[in-house]
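Visitor:
Residue numbers (the numbering used here): 1 to 449.
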């Protein structure tokens, strides 16, 4: 137990100091990882010494993504409620697959499902399951969509597979995220066997260009384009889908949380009309990695696709996670989600979305005033910046990352180099915008030479 107490103390020290750490580890800290390069011990090492090594060599080489200065990859900084819940849940080490394996996980699943459906204003019967991230959440929804569409066409995918099945027409936007394509491949619908609809200058699918198709149809929309933060026109897409009895799926890895902020009703109009939605908890909700969440309007569609049958599995009237998700054994991700939802409440979640988005707007305004090009309409938490040309923009990103006070990443926007600023941490507030923009402008001056 002493070793565990020491490890807990080291974790507390890390959490308390992370805001003062470089946003990216120094070269010396990365070089220090060589301490891990040792032969496998023959007889085993002391537990306390092992945990000390993990802290002394590992902690300095972490990316400070839980700190206040990290603006890369739409990564949230873990909320204290989530961190504390994760520590307790790790000590519990519950398998959330079945209620008989963990009554507490089962009860918290039911509570969190009800809270999320209420918070995001989704249809009340919606089923909610937890996965490793939005990629698997998307794949979970798409598998349920595939099976439901083909059942309507008289085909049982789970019994007979996809060989010889009626074709499913998949319609996607030109700015779909790469993980949606990955998910389509995972469920056998194909990454390239899709009809691609053009997007506007912000990455929104042009609903007027949706194709005239029939038969089993799956259409995928997006809440929060990964670079610009833009939202597809959901009402128009939902109207098109309804005319064709199509399944409408929404990839909302971070943008789905805009549903929690009533002030963003113009962005999310019609989003509740979809048949399924996918998001991450480890992005804007700021729980620990990993946590994806899949929502399916008809929960029975999840059970149709993912039921596992074995003689030793007891029947239960309560929700059985393993029969609604791709994985059987699974950690109780709902514990942290419950903790953050309870700690923040409805108003706190809305404030989190509003405050971080306002911070993004304030950073964009300051950079634009100073002469940088802001390439997107900043409607959410994403800012796209360009400095002069490709070479200078690339140099700006390199300067920022070498400087280490903040961290932003490079991207491509309309075939040109850009820098993406993602404001996703619960620690960010508009009051930080001048300081963050000031650091970026210092680096911009150096990048200009």
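Just so you know, even glycine gets a beta-carbon here, dropped at the ideal spot from N, CA and C.
Helix or strand or just coil, what does DSSP make of residue 261?
Guide: Residue state, collapsed to three classes: coil.
Visitor: Please work out which residues of its chain come closer than 6 Å, Cβ to Cβ, to residue 170, disregarding the five sequence neighbours upstream and downstream, and give them in chain order.
Guide: Excluding positions up to five away in sequence, the list reads 189, 194, 218.
Visitor: Between 144, 346, 275, 2, which lies nearest to residue 125 when the distance is taken from Cα to Cα?
Guide: When each option's Cα is compared against that of residue 125, the closest is 275.
Visitor: Throw me the rounded Cβ distance for the residue 334 and residue 57 pair, which I believe falls under 8 Å.
Guide: No, residue 334 and residue 57 are not in contact; Cβ-Cβ is about 33 Å, not under 8 Å.
Visitor: Taking the C-alpha atoms as reference points, what is the distance between residue 176 and residue 7?
Guide: One C-alpha to the other measures close to 42 Å.
Visitor: So residue 341 packs on residue 120, CB below 8 Å; how close in whole Å?
Guide: No, residue 341 and residue 120 are not in contact; Cβ-Cβ is about 11 Å, not under 8 Å.
Visitor: Which runs of the beta strand (DSSP E) at least 3 residues long sit entirely within the stretch 183-270? Give them in chain order.
Guide: The qualifying runs are 195-197, 217-222, 247-251.
Visitor: Assuming the contact rule is C-beta atoms closer than 8 Å, residue 380 and residue 224 should be a hit. Round their C-beta distance to whole Å, please.
Guide: With a Cβ gap of about 6 Å, residue 380 and residue 224 count as contacting.
Visitor: Rounded to whole angstroms, what is the Cα-Cα separation between residue 238 and residue 147?
Guide: Computed Cα separation, rounded: 20 Å.
Visitor: Return helix, strand or coil for residue 14, following the three-state DSSP convention.
Guide: Three-state DSSP puts residue 14 in a helix.
Visitor: Would you call the stretch 62-69 in contact with the stretch 20-29, where contact means no fewer than 3 C-beta pairs closer than 8 Å?
Guide: The stretch 62-69 vs the stretch 20-29: in contact.
Visitor: Counting pairs of beta carbons, one from the stretch 401-418 and one from the stretch 348-363, are three or more of them closer than 8 Å?
Guide: Not touching, per the Cβ criterion.
Visitor: Please look up how many angstroms separate the CB atoms of residue 183 and residue 138, rounded, as I've assumed it's under 8 Å.
Guide: Confirmed, Cβ separation roughly 4 Å.
Visitor: Roughly how many whole angstroms lie between the Cα atoms of residue 325 and residue 347?
Guide: Cα to Cα, residue 325 sits roughly 30 Å from residue 347.
Visitor: If you scan the stretch 333-383 from start to end, which runs of the alpha helix (DSSP H) of 4 or more residues do you find wholly inside it?
Guide: 334-369, all fully within the stretch 333-383.
Visitor: So residue 296 is in the alpha helix (DSSP H); what residue range does that whole segment cover?
Guide: It is not in any alpha helix (DSSP H) - residue 296 instead sits in the beta strand (DSSP E) that spans 292-296.
Visitor: Helix, strand or coil, according to DSSP, for residue 306 in the structure here?
Guide: Of the three classes helix, strand and coil, the one that applies to residue 306 here is helix, per DSSP.
Visitor: When DSSP labels each residue in this structure, what does residue 322 get in the three-state scheme?
Guide: Three-state DSSP puts residue 322 in a helix.
Visitor: In the structure shown, what three-state DSSP assignment does residue 287 receive?
Guide: DSSP places residue 287 in coil when its eight states are reduced to three.
Visitor: Applying the 10 Å Cβ sphere with the 16-neighbour rule, what's the burial state of residue 33?
Guide: Under this definition residue 33 is an exposed residue.
Visitor: Spatial neighbours of residue 209 within its chain, please: CB distance less than 6 Å, with the 5 preceding and 5 following residues excluded, ordered by chain position.
Guide: Closer than 6 Å at the Cβ level, and outside the excluded window around residue 209, lie 197, 198.
Visitor: Taking the C-alpha atoms as reference points, what is the distance between residue 296 and residue 321?
Guide: One C-alpha to the other measures close to 14 Å.
Visitor: Have a look at residue 211 and residue 391 and give me their C-alpha separation to the nearest angstrom.
Guide: Spanning the two alpha carbons is a distance of roughly 39 Å.
Visitor: Looking at C-alpha atoms only, which residue of 282, 419, 157 is the closest neighbour of residue 79?
Guide: Measuring from the Cα of residue 79, the nearest candidate turns out to be 282.
Visitor: Shortest alpha-carbon distance to residue 403 belongs to which of 5, 26, 4, 10?
Guide: Cα-wise, what sits closest to residue 403 is 26.
Visitor: Thinking residue 77 and residue 426 are a contact (beta carbons under 8 Å), I'd like their distance in whole angstroms, please.
Guide: With a Cβ gap of about 6 Å, residue 77 and residue 426 count as contacting.
Visitor: Let me make sure I understand the geometry here. Which of 200, 291, 273, 428 has the alpha-carbon closest to that of residue 413?
Guide: Checked all of 200, 291, 273, 428; the closest Cα to residue 413 is 200.
Visitor: Could you compute how far the alpha carbon of residue 15 sits from the alpha carbon of residue 83?
Guide: Using only the alpha carbons, I get a separation of about 9 Å.
Visitor: Can you grab the Cα-Cα spacing for the pair residue 59 / residue 286, in whole Å?
Guide: Straight-line Cα distance between these residues: approximately 20 Å.
Visitor: Starting from residue 171 and walking both ways along the beta strand (DSSP E), at which residues does that stretch end?
Guide: That run of the beta strand (DSSP E) goes 169-173.
Visitor: Between the alpha carbons of residue 101 and residue 332, how many angstroms are there, rounded?
Guide: Each residue's Cα considered, the two are about 11 Å apart.
Visitor: Out of 428, 203, 63, which one is the CA nearest neighbour of residue 401?
Guide: Minimum Cα distance to residue 401 is reached at 63.
Visitor: Closest to residue 187 by C-alpha separation, out of 420, 396, 214, 144, would be which residue?
Guide: Here the closest residue by C-alpha is 144.
Visitor: Report the rounded CA-to-CA distance for residue 399 versus residue 165, giving the unit in angstroms.
Guide: Roughly 53 Å between the two C-alpha positions.
Visitor: Just to confirm the assignment, what range does the beta strand (DSSP E) spanning residue 126 have?
Guide: Unbroken run through residue 126: none, as it is neither H nor E.
Visitor: If you reduce the DSSP assignment to three classes, tell me which class residue 77 lands in.
Guide: Of the three classes helix, strand and coil, the one that applies to residue 77 here is coil, per DSSP.
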